């Protein structure tokens with residue numbers, strides 16, 4: 014996971030570690046919600062402040 018915190022924006026990139034395929038089978042929106050919830054109090058006080066999500070789920 015790569016996280017970039019800037020005063021005006023935050024960038025989070027999640028990807029597999031190494032060459033193995035991820036065993037995750039959750040849909041992209043559930044994975045985004047998990048990250049949003051985890052960043053409450055770190056990147057923002059409330060996830061209602063998130064204005065844009067760019068999501069791409071790469072098939073196996």
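Numbering (this note's numbering), first residue to last: 14 to 73. Every residue, glycine too, gets a C-beta built ideally from N, C-alpha and C. Note that the structure is a prediction, hence the values are computed from the model and not measured.
DSSP places residue 63 in the coil class of the three-state scheme, outside both helix and strand. Between residue 70 and residue 24, the C-beta spacing is not below 9 Å.
In the three-state reduction of the DSSP assignment, residue 24 falls in the strand class.
With contacts defined as CB atoms closer than 9 Å, residue 45 and residue 66 qualify as a contacting pair. In the DSSP assignment, residue 46 falls within the unbroken alpha helix (DSSP H) covering 41-51.
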